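Student:
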Amino acid sequence: MDVFTDSANIDTYVTGFLWILKLTAAGAVGALVLGVLLAAMRVSPVPVLRGFGTAWVNIFRNTPLTLIVFFCYFGLYSALGFELSDDIDTNNYWLGVVGLSVYTAAFVCEAIRSGINTVPVGQAEAARAIGMSFLQTLTLIVLPQAARAVVAPLGSTFIALAKNATIVGTIGLMESSTAMKDLINANGDAVIPIFLVFAGTFAIVLIPTGYLFGWLANRLAVKR
Amino acid sequence: MRITRLTAVVGALALAMAAAACGGDDSGSGSASGIVGKASKDKKLVFGVKADQPGLGLQTGGSYTGFDIEITKIIAKGLGVPESGIEYKTTVSANREPFIQQGQVDVVVATYTINDDRKKVVNFAGPYYVAGQDLLVRADETAITGPESLAGKKVCSVSGSTPAKRIQTDYKDAKLQQFDSYSKCVTALADKSVDAVTTDDIILAGYAAQDQYAGKLKVVGKKFSDEPYGIGVKKSDTEGCNKINEILKTAATDGSYKAAWDATLGKSGSAAPTLDVSKLTNCS
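Put into structure tokens, the structure is as follows:
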């Protein structure tokens, strides 16, 4: 295990996982905001919005993330000049966040929509009966109840997001999988230990996260 | 997804190594198992070549083209094997040594840099070309004249590769964009999202000579490292190694080496290099 006594290698390892954390954090915020908006569109009374929401979910849920991230670099940045920063790493980071958010939002949307379906229809009818608008009904009555039902599926989505963040390595961000490949290239005699340390880090962080979401889901569940 | 793929690669490598360890000893020495014997007996040879390097070894459909491929034809001819007797097998950088040791291929011509670690397991003829790290830029580029002028410029290379490492350590002022393949780098260069691509000059020349980039990209032509490309055969096959060196000597003088260059990498506009026969390796 002397690969991990070299400070330069430790640096590579730490940088890789810091990028993963940053990608996951920003990607989760983006996906959550987008996903709630999309879910609202999909249950709204306006056909155009419903169509837009459906199209988004079907397109991005069924496109490989690699392609989406690849497009963010070569389509958005390279061809359309959508530059987010002067610094190469920062630029690739934000392009990656765009890709991850757009993709994950499709899954968040579907999770929230299934949560909305758990809210008894009488709740919405009662809200309408006392004169609330669609937006008020959704934001004050339906979504708060739906949110409590979707904690567990959203947790799974965010765990998937954390692992998917490694894809941003295809556009050159030194995230953990690229860092691992680098270390393996340079230390061909220590492939197994390097692999175990990187895979293990994901497991150590993500398994408790899964339990946390499960616990939260139990605490917050609406007991009917 | 990445992780699964990696385990598969690790597994495959382990298997390849195990197989290599088993298959390494049965070769024996003498002409019977060497390529000279095989060529004269079967009139057939299996060459390991790259399939994804334009200008050097590129597979389109079922056929291979490039400078390395022309070199294999010269070798085959010198050994008395007709072109119909040549069989190609695609190799990647990681499996060249195991392929030779297991006898899956007889000869490897695949941008194969001669170095001491590899010499321990295979025998190298050549070098038939001395490549070096260089820069590929757009044809109208005037500011980049060599590695020293890279400060503040965006340079692209393959992540974890030796050229990328060299930029990181020796030319820190350059901004390094890393992708997992050179074709992505070249696309980015043509799109103007990076200013230069760096790796061995001969690989860059191959990209510059591709039809879709002809006239749009150029190689700066200022090497800043030495990568002698060799021809790999079995460690025990000294006779075959010497024979290939003989063939290269002939090719240098009878014009077939120049013809091979002109038909492939020469299309990028660079003149054929001279094959320095005094530098050929001592086969052992």
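Just so you know, the protein sequences line up as chains X and Y, in that order. In terms of my numbering, the first sequence has 38 at position 38, counting the first letter as 1, and numbering is strictly consecutive. In terms of my numbering, the second sequence has 1050 at position 50, counting the first letter as 1, and numbering is strictly consecutive. No residue lacks a Cβ here, since even glycine has one placed at the ideal position from N, Cα and C. Quantities reported herein were computed from a predicted structural model and do not represent experimental measurements.
Scan the segment 1166 to 1250 of chain Y and note each continuous beta strand (DSSP E) run of 3 residues or more that stays entirely inside, going in chain order.
Tutor: Correct list: 1175 to 1179, 1196 to 1200, 1217 to 1219, 1227 to 1234.
Student: Which value, in whole angstroms, describes the spacing of the CA atoms of I20(X) and S1157(Y)?
Tutor: Roughly 22 Å between the two C-alpha positions.
Student: Any idea if T1142(Y) is buried or exposed, counting beta-carbon neighbours within 10 angstroms, 16 or more meaning buried?
Tutor: Classification for T1142(Y): exposed.
Student: Can you pull the chain X neighbours of P1151(Y), defined as C-beta to C-beta under 8 Å?
Tutor: Reading off the sequence, residue 1151(Y) comes out as Ala, not Pro. By Cβ distance, chain X contributes nothing, its closest Cβ being about 14 Å from A1151(Y), past 8 Å.
Student: Does DSSP put S1027(Y) in a helix, a strand or coil?
Tutor: Confidence at S1027(Y) is low in this model, with a pLDDT of 40, below 50, so its placement is unreliable and no value can be given for it.
Student: If you run the structure through DSSP and keep just helix, strand and coil, what is D72(X)?
Tutor: Note that residue 72(X) corresponds to Cys in the displayed sequence, not to Asp. Reduced to three states, the DSSP call for C72(X) is helix.
Student: Residues in the segment 1166 to 1179 of chain Y with C-beta within 8 Å of chain C's C-beta atoms, listed in sequence order?
Tutor: The structure shown has no chain C; the protein chains it does contain are X and Y.
Student: Assuming contact is defined by CB atoms lying nearer than 8 Å, are I1071(Y) and V1109(Y) in contact in what I supplied?
Tutor: Closer than 8 Å, so yes.
Student: Looking at C-alpha atoms only, which residue of V102(X), F82(X), A26(X) is the closest neighbour of I68(X)?
Tutor: Nearest C-alpha to I68(X): V102(X).
Student: From V1121(Y) to V97(X), what does the alpha carbon distance come to, in whole angstroms?
Tutor: Taking the straight line from one Cα to the other gives about 45 Å.
Student: Using beta carbons (cut-off 8 Å, strictly below), is S1159(Y) in contact with chain X?
Tutor: Chain X, which has a Cβ nearer than 8 Å to the Cβ of S1159(Y), makes this yes.
Student: Quick one: which chain X residues come within Cβ less than 8 Å of K1154(Y)?
Tutor: Neighbours of K1154(Y) on chain X, chain order: I88.
Student: Look at the Cβ atom of K1154(Y), then the Cβ atom of D1195(Y), and state whether they are nearer than 8 Å.
Tutor: Yes, they are a contact pair.
Student: Can you look up N1282(Y) in the DSSP assignment and give me helix, strand or coil?
Tutor: Correct three-state label for N1282(Y): coil.
Student: D1200(Y) versus chain X: which residues are under 9 Å apart at the beta carbon?
Tutor: Correct list: empty, because the minimum Cβ distance to chain X is about 17 Å.
Student: Considering only the beta carbon of each residue, do I1202(Y) and Y1182(Y) sit closer than 8 Å?
Tutor: The answer is no: Cβ separation not under 8 Å.
Student: Could you tell me the alpha carbon to alpha carbon distance between K1184(Y) and Y1171(Y), rounded to whole angstroms?
Tutor: Roughly 22 Å separates the two Cα atoms.
Student: Near A179(X), what residues of its chain come up, given a Cβ to Cβ distance below 7 Å and the 5 sequence neighbours on each side ignored?
Tutor: Excluding positions up to five away in sequence, the list reads T12, Y13, T15, G16.
Student: Within its chain, find whatever has a CB closer than 8 Å to the CB of G1152(Y); leave out the 5 residues flanking it on each side and keep chain order.
Tutor: Correct list, in chain order: D1173, A1174, K1175.
Student: Considering only the alpha carbon of each residue, which of F202(X), L196(X), D182(X), I192(X) lies closest to N9(X)?
Tutor: The option with the nearest alpha carbon to N9(X) is D182(X).
Student: Going by beta carbon distance, what residues of the same chain come within less than 8 Å of I171(X), once the five residues before and after it are set aside?
Tutor: Contacts found: V69, F70, C72, Y73, N92, L95, G96.
Student: Quick one: what's Y1088(Y) bridged to in DSSP?
Tutor: DSSP lists F1047(Y) as partners of Y1088(Y).
Student: Give the residues of chain Y in contact with Y77(X), contact being defined as C-beta atoms less than 8 Å apart.
Tutor: The contacting residues are S1193.
Student: From the beta carbon of T1187(Y), is the nearest beta carbon of chain X less than 8 Å away?
Tutor: Output row for T1187(Y): interface = yes.
Student: Going along chain Y, which residues have a C-beta under 9 Å from F74(X)?
Tutor: Those are K1184, T1187, A1188, D1191, S1193, listed as they occur along chain Y.
Student: Using a Cβ-Cβ cut-off of less than 8 Å, give me the residues of the segment 167 to 179 of chain X that come near chain Y, in sequence order.
Tutor: From the segment 167 to 179 of chain X, only I167, G169, T170, I171, G172, M174, S177, T178 have a Cβ closer than 8 Å to chain Y.
Student: For V102(X), does the three-state DSSP call read helix, strand or coil?
Tutor: V102(X): helix per DSSP, three-state reduction.
Student: Where DSSP assigns a beta bridge to G1057(Y), which residues make up the other side?
Tutor: Bridge partners of G1057(Y): Q1053(Y).
Student: What in chain Y is Cβ-close to K181(X), meaning under 7 Å?
Tutor: Ordered by position in chain Y, the residues that pass the 7 Å Cβ test against K181(X) are S1159, G1160.
Student: Decide if Y1088(Y) is buried, meaning its Cβ has at least 16 other Cβ atoms within 10 Å, or exposed.
Tutor: Its Cβ being crowded by 16 or more others within 10 Å, Y1088(Y) is buried.
Student: Taking three-plus beta-carbon pairs below 8 Å as touching, is the segment 1114 to 1132 of chain Y in contact with the segment 1229 to 1245 of chain Y?
Tutor: Enough Cβ pairs lie closer than 8 Å, so yes.
Student: Nearest-angstrom Cα distance between S1278(Y) and K22(X)?
Tutor: Looking at the two C-alpha atoms, the distance is approximately 56 Å.
Student: Would you check if the segment 47 to 65 of chain X and the segment 135 to 147 of chain X touch, i.e. whether three or more CB-CB distances between them fall below 8 Å?
Tutor: Output reads no: the segment 47 to 65 of chain X does not touch the segment 135 to 147 of chain X.
Student: So what does DSSP say about D6(X), is it helix, strand or coil?
Tutor: Here D6(X) sits in coil by DSSP.
Student: Is it right to say E1083(Y) is buried, meaning 16 or more other beta carbons lie within 10 angstroms of its own, or is it exposed?
Tutor: E1083(Y) comes out exposed.
Student: Are at least three pairs of beta-carbons, each pair with one atom in the segment 1045 to 1061 of chain Y and one in the segment 1203 to 1214 of chain Y, less than 8 Å apart?
Tutor: A contact exists between the segment 1045 to 1061 of chain Y and the segment 1203 to 1214 of chain Y.
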